[in-house]
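Only one structure is covered here, and it is reproduced in the block below.
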Amino acid sequence: MVSTYPVKVQPSGNQYLSPSQDSTNIYPNQQLLPLTARVNRDDFLEIGGCDVTKLVQQFGSPLYILDETTLRIACQQYRDTFKKYYKGESQVLYASKAWNCLAVCAIVASEGLGIDVVSGGELYTALEAGVSPEKIYLHGNNKSRDELTLAIESGCTIVVDNWYELHTLVELATTNTAIRIMLRLTPGIECHTHEYIRTGHLDSKFGFDPNDLEEVFAFASKEPALNCVGVHAHIGSQIFELQPHRDLAAVMVQWLRDAAKYNLELTELNVGGGLGIKYTESDDPPSIEEWSKAICEVVQEACAAENLPLPKLLCEPGRSLIATACITAYTIGSAKTIPDIRTYVTIDGGMSDNPRPITYQSVYRAVVANKMSAPLTETVTVAGKHCESGDILIKNAPLPKTEPGDVLVVMATGAYNYSMASNYNRLPRPAAVLVANGEANLILQRETYQDIIRQDCLPERLK
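My numbering applies: residue 774 is where the sequence shown begins, and numbers increase by one.
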């Protein structure tokens, strides 16, 4: 049985480990390493009671190492803070695009969370993991008819993004049971984050334009094939500000008020997610509790002002639930020093297992798992092994003197690393293990070369 919070965080002299104190007020999104991280007597990094270097020996590298305790604590903190600060019903959903696989879906569901999915594949995975369809919400700006059919047949809620989808759902309706939907609207709220992960501003591919609000409500209220239960909005990802979320909640309560004019009794309000995490020492995101408290208070105040009953309040954290719970372990190989310019240290992975640096210019921190207390005497550029000059994971990384065979650990890789991984240069995707209480279980097998060519087809005339 995995321990729940509070837990005791192990002490260490390493700057990246959590402080030695009761973790009641420690939030995973504000840490650089998983909550169970410690340094053992050999000066090696342990996660979940497992020596990282031994995990690499057993399972190979690159290797995703997911700490079950940290993931469960984040789930519990979201779940419990919403219950603490919201007087009505609430439901936390895991935004599984961050990392969707059977094991992750099963863990978050066991903590009472629902699942937010954005494709037929993610929906199928959640169902296969045993998640109740009543707690699954399907998103997407261009859902296929097959995906919509799967969602209808499974009984999950469909978050409708546009007019085309509304009309398609009416066409697909075949039974006396109305299709359960929510409406995604664009709130026109800007926030300070990367332009690729801003979704709430008006110039976004997601959601109905607010100018169409009344027409959309009128259509939904008159269509018997649709059971519209609520509204949804999302303003972006990796956000450190609370005010945009407060503004969003207030705007959305006004949507509930407007819907009532069309005899739409909307009972659910989904404020999305977007809370940021700590990727570097200078990052200072709000805690899970601070974010939850702000959302709950604004919704309750706005509903009271509009004389509206409290809706069921939903949110969809992804990154802040799982990012810090995972690290990626690599084996160091070659090095190249260019005098007066830089030193490159190369690992056995790179942009195929973590495309975020080359895609979003994301910044990470790293440690050497077998030299945790060694002085940081080098500043190096951590380069991947792909045939791409831009395959750089970390620029100017402070590390101890490294040698081939050392195990480099990149922190906070649980969100959008495996889920965005590729076979660029035909590299097999890494394995992933779940660690807890000194035990490691494989949750994703390492791909083989045979896996890579499995879908290849060679015409007879070329044989």
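Virtual Cβ for every residue (Gly too), placed ideally from N, Cα, C.
Please determine if the stretch 904-911 and the stretch 876-896 are in contact, where contact requires at least 3 C-beta pairs separated by less than 8 Å.
yes
When you compare only the Cα positions, how much space is there between Leu-1094 and Leu-1181?
One-based indexing of the sequence shown puts residue 1094 at position 321. One-based indexing of the sequence shown puts residue 1181 at position 408. Roughly 24 Å separates the two Cα atoms.
What did DSSP end up calling Asp-889 once you bin it into helix, strand or coil?
Sequence index remark: in the sequence shown, residue 889 carries index 116 (1-based). Of the three classes helix, strand and coil, the one that applies to Asp-889 here is strand, per DSSP.
Residues bridged to Val-1141 [DSSP beta-bridge criterion]
Counting from 1 along the sequence shown, the entry for residue 1141 is found at position 368. Leu-1181.
Helix, strand or coil at Val-989 according to DSSP, with G and I counted as helix
The residue given as residue 989 occupies position 216 in the sequence shown. In the structure shown, Val-989 sits in a helix (DSSP, three-state: H, G or I).
If we count the other Cβ atoms within 10 Å of its Cβ and call it buried at 16 or more, is Glu-819 buried or exposed?
The residue given as residue 819 occupies position 46 in the sequence shown. The residue in question, Glu-819, is buried, as its Cβ has 16 or more Cβ neighbours within 10 Å.
Using 10 angstroms around the beta-carbon of Arg-1227, count the other beta-carbons present and answer buried if the total reaches 16, otherwise exposed.
Here residue 1227 refers to the residue found at position 454 when the sequence shown is read from its first residue. It counts as exposed.
Do you know how far the Cα of Asp-1229 is from the Cα of Ile-846?
Mapped onto the sequence shown, residue 846 falls at position 73. Mapped onto the sequence shown, residue 1229 falls at position 456. Cα-Cα distance, rounded: 42 Å.
Restricting to Cα atoms, I'd like to know which of Cys-848, Gln-831, Leu-805 and Leu-1200 is closest to Cys-1088.
By 1-based counting over the sequence shown, the position of residue 1088 is 315. Taking only the C-alpha atoms, the option nearest Cys-1088 is Cys-848.
How about the stretch 1096-1115 and the stretch 1209-1224: do they share at least three Cβ pairs that are nearer than 8 Å?
no
Short of 6 Å in beta carbon distance, which residues of its chain neighbour Ile-970, apart from the five on each side in sequence? Order them along the chain.
The residue you call residue 970 lines up with position 197 of the sequence shown. Residue confidence is low: Ile-970 scores 36 on pLDDT, short of 50, so the model does not pin down where it sits. Its coordinate-derived value is still stated next. Contacts found: Gly-1009 and Ser-1010.
Would you tell me roughly how many angstroms separate the C-alpha atoms of Val-780 and Thr-809, rounded to the nearest one?
Residue numbering aside, residue 780 sits at position 7 when the sequence shown is read from its first letter. Residue numbering aside, residue 809 sits at position 36 when the sequence shown is read from its first letter. A caution first: Val-780 carries a pLDDT of 36, below 50, which makes its placement in the model too unreliable to give a value.
Can you pull the DSSP bridge partners for Lys-1085?
Within the sequence shown, residue 1085 is the residue found at index 312, counting from 1. Beta-bridge pairing links Lys-1085 to Glu-1041.
As assigned by DSSP and simplified to three states, the class of Asp-934
Looking up residue 934 in the sequence shown gives position 161. Residue state, collapsed to three classes: coil.
Work out the CA separation of His-1159 and Lys-978 for me, nearest whole Å.
Here residue 978 refers to the residue found at position 205 of the sequence shown. Here residue 1159 refers to the residue found at position 386 of the sequence shown. Computed Cα separation, rounded: 32 Å.
Burial state of Trp-936, where buried means 16 or more other Cβ atoms lie within 10 Å:
On the sequence shown, position 163 is the one that residue 936 refers to. Under this definition Trp-936 is an exposed residue.
By the three-class DSSP mapping on this structure, what secondary structure does Pro-748 have?
No statement about residue 748 is possible, as the shown extent of the chain runs from 774 to 1236 and does not include it.
To the nearest angstrom, report how far apart Glu-1220 and Gly-1049 are at their CA atoms.
By one-based count along the sequence shown, residue 1220 stands at place 447. By one-based count along the sequence shown, residue 1049 stands at place 276. Cα to Cα, Glu-1220 sits roughly 31 Å from Gly-1049.
When Cys-1099, Val-812, Asn-984 and Tyr-858 are compared against Ala-1253, the one with the closest alpha-carbon
The first residue shown for the chain is 774 and the last is 1236, placing residue 1253 beyond what the model contains.
How big is the Cα-Cα spacing for Glu-895 and Ile-931?
Reading the sequence shown from its first residue, position 122 is the one you call residue 895. Reading the sequence shown from its first residue, position 158 is the one you call residue 931. In a straight line, the C-alpha of Glu-895 is about 13 Å away from that of Ile-931.
Using the Cβ count rule (16 or more neighbours within 10 Å means buried), how would you classify Ala-1204?
Within the sequence shown, numbered from 1, the residue matching residue 1204 stands at position 431. The residue is buried, with at least 16 neighbouring Cβ atoms inside 10 Å.
In whole angstroms, give me the CA-to-CA distance for Leu-1217 and Tyr-1191.
What you label residue 1217 is simply residue 444 of the sequence shown in a count that begins at 1. What you label residue 1191 is simply residue 418 of the sequence shown in a count that begins at 1. If you take the alpha carbons of Leu-1217 and Tyr-1191, they lie about 10 Å apart.
Simplified DSSP state of Gly-1240, which is helix, strand or coil:
For residue 1240 there is no data in the structure shown, the boundaries of the chain being 774 and 1236.
Identify, in the order they occur along the chain, each residue of the same chain with its Cβ nearer than 7 Å to the Cβ of Val-829, setting aside the five sequence neighbours on each side.
Within the sequence shown, residue 829 is the residue found at index 56, counting from 1. Excluding sequence neighbours, Val-829 sits near Leu-836, Ala-1102, Thr-1104 and Val-1180.
Pick from Ala-998, Val-989 and Leu-1083 that is closest to Thr-950, judged by C-alpha positions
If you number the sequence shown from 1, residue 950 lands on position 177. That would be Ala-998, whose Cα lies nearest to the Cα of Thr-950.
State buried or exposed for Gln-1016, treating a residue as buried only when at least 16 other CB atoms are found within 10 Å of its CB.
Within the sequence shown, residue 1016 is the residue found at index 243, counting from 1. Answer is exposed; the Cβ neighbour count stays below 16.
Taking only the alpha-carbon atoms, compute the straight-line gap between Gly-1187 and Leu-875 and give it to the nearest angstrom.
For the purposes of this step, residue 1187 is taken as residue 414 along the sequence shown, with counting starting at 1. For the purposes of this step, residue 875 is taken as residue 102 along the sequence shown, with counting starting at 1. When rounded, the distance between both Cα atoms is 15 Å.
What does DSSP give as the partner residue(s) for Glu-1246 in the beta ladder?
Here the chain has residues from 774 to 1236 only, and residue 1246 is not among them.
Under the three-state reduction of DSSP, which class applies to Ile-1131: helix, strand or coil?
Reading the sequence shown from its first residue, position 358 is the one you call residue 1131. Reduced to three states, the DSSP call for Ile-1131 is helix.
Between the CA atoms of Val-904 and Cys-1069 - distance to the nearest angstrom
Within the sequence shown, residue 1069 is the residue found at index 296, counting from 1. Within the sequence shown, residue 904 is the residue found at index 131, counting from 1. Approximately 26 Å between the Cα atoms of the pair.
Leaving out five residues on either side along the sequence, give the residues of the same chain with a beta carbon under 7 Å from the beta carbon of Ile-925.
Reading the sequence shown from its first residue, position 152 is the one you call residue 925. Here the set comprises Leu-945 and Ile-952.
Spatial distance of Val-943 from Ala-993 (CA atoms):
Counted from its first residue, the sequence shown places residue 943 at position 170. Counted from its first residue, the sequence shown places residue 993 at position 220. Cα to Cα, the separation comes out at about 10 Å.
Look at the alpha carbon of Pro-807 and the alpha carbon of Asp-1224, and state the distance between them as a whole number of angstroms.
Residue mapping note: residue 807 aligns to position 34 of the sequence shown, counting from 1. Residue mapping note: residue 1224 aligns to position 451 of the sequence shown, counting from 1. Whole-angstrom Cα-Cα distance: 31 Å.
Which residue's Cα is closest to the Cα of Glu-988: Leu-958, Ala-1006, Phe-1013 and His-1005?
Counting from 1 along the sequence shown, the entry for residue 988 is found at position 215. Ranking the options by Cα distance to Glu-988, first place goes to Leu-958.
Determine the burial state of Arg-814: buried for a count of at least 16 other Cβ atoms within 10 Å of its Cβ, exposed for fewer.
Numbered from 1 along the sequence shown, position 41 holds the residue referred to as residue 814. Its Cβ having fewer than 16 others within 10 Å, Arg-814 is exposed.
Do Lys-1085 and Gly-861 have their CB atoms nearer than 9 Å?
Residue mapping note: residue 1085 aligns to position 312 of the sequence shown, counting from 1. Residue mapping note: residue 861 aligns to position 88 of the sequence shown, counting from 1. Closer than 9 Å, so yes.
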